[in-house]
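A short worksheet on the structure shown next.
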Ligand code: NAP
């Protein structure tokens with residue numbers, strides 16, 4: 009299982025509970041990761057070829073790509089490694105926020121350049137698109153950004169920015185209080201989907217704060233997708 013998400017941890021727990029020998033793989037980006045049940049390995053494989061070698065060496069019989077919806081490089085490698093080895097692969101990906109009651113009010117963008125353009129009028133943005141995206145917001149270095157990340161970035165933040173390290177799950181009233189205290193005039197988020205981090209969207213609606221949402225990149229061609237752990241268990245033929 010390629011993990012790093014709450015869904016991956018829940019599926020690992022469900023598989024361990026029914027006696028399946030599961031190995032979860034984490035990228036190693038976070039210094040104190042929430043560890044899934046069962047065996048865990050940490051660190052990159054060295055591209056699709058490295059992953060194929062791992063699958064063969066460990067005699068893996070099924071591959072579940074349960075990485076984050078924006079971890080597309082890993083998904084592409086999963087598809088390539090599965091094709092090279094004949095190991096069946098499925099993608100576990102939680103539905104995005106397109107069906108959220110306020111989704112039609114948000115500005116949907118395809119990349120970070122478009123996000124910068126869409127949010128150009130802001131002065132006090134709340135940035136929640138993750139540590140790996142932060143450098144792209146440096147054109148906003150003089151704006152009073154509130155930046156929330158799981159792990160601090162590896163470059164010094166502009167003095168005008170306020171850093172908050174946190175990992176959720178978040179609750180609507182607290183999100184509202186946070187955004188109100190900052191006097192946020194824009195929320196920028198990825199379409200991560202799920203409930204863990206969705207409270208900020210309701211809080212933004214409560215406060216009338218506009219929202220810019222980075223749309224998901226497409227799923228690699230030919231990769232079968234299931235939306236939840238039950239779908240993954242059914243695909244694996246494991247009792248749910
Ligand atoms: P990515 O851009 O798709 O992958 C970059 C490289 O990181 C991959 O080529 C692979 O290195 C390594 N990698 C990624 N996921 C891995 C895994 N589960 N196990 C082993 N190696 C992995 O991925 P990313 O966006 O940096 O995400 C990294 C991890 O953070 C993933 O586990 C993902 O689920 C989690 N995460 C990502 C986000 C996000 O917004 N992107 C949010 C929450 C959690 P090699 O080529 O050397 O194998």
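In the working numbering, the protein residues as written are 9 to 248.
Note that beta-carbon positions come from the ideal geometry of N, C-alpha and C, so glycine has one too.
In the structure shown, residue 197 adopts extended strand secondary structure according to DSSP, grouped into three states. Excluding five sequence positions before and after residue 231, the CB atoms of its chain that fall closer than 6 Å to its own CB belong to 87 and 99, given in chain order. With a cutoff of 8 Å on beta-carbon distance, residue 117 and residue 35 are scored as not near each other. For the region 11-72, the continuous alpha helix (DSSP H) assignments of 4+ residues that do not extend past its boundaries occur at 14-25 and 55-65, in sequence order.
Its chain contains 158 as the residues whose beta carbon lies nearer than 6 Å to that of residue 175, once the 5 sequence neighbours on both sides are disregarded; these appear in chain order. In this structure the region 110-130 does not lie against the region 91-98, because fewer than three pairs of beta carbons, one per stretch, are closer than 8 Å. Placement of the Cβ of residue 245 at a distance of 7 Å or more from every heavy atom of the ligand NAP is found.
DSSP places residue 124 in the uninterrupted alpha helix (DSSP H) bounded by 120-126. Straight across, the Cα-Cα distance linking residue 225 with residue 119 is about 9 Å. With contacts defined by Cβ atoms closer than 8 Å, residue 10 and residue 74 form a contacting pair.
Look at the beta carbons and you see the region 204-217 not touching the region 69-83: under three pairs across the two are nearer than 8 Å. In the DSSP assignment, the residues bridged to residue 98 are 72.
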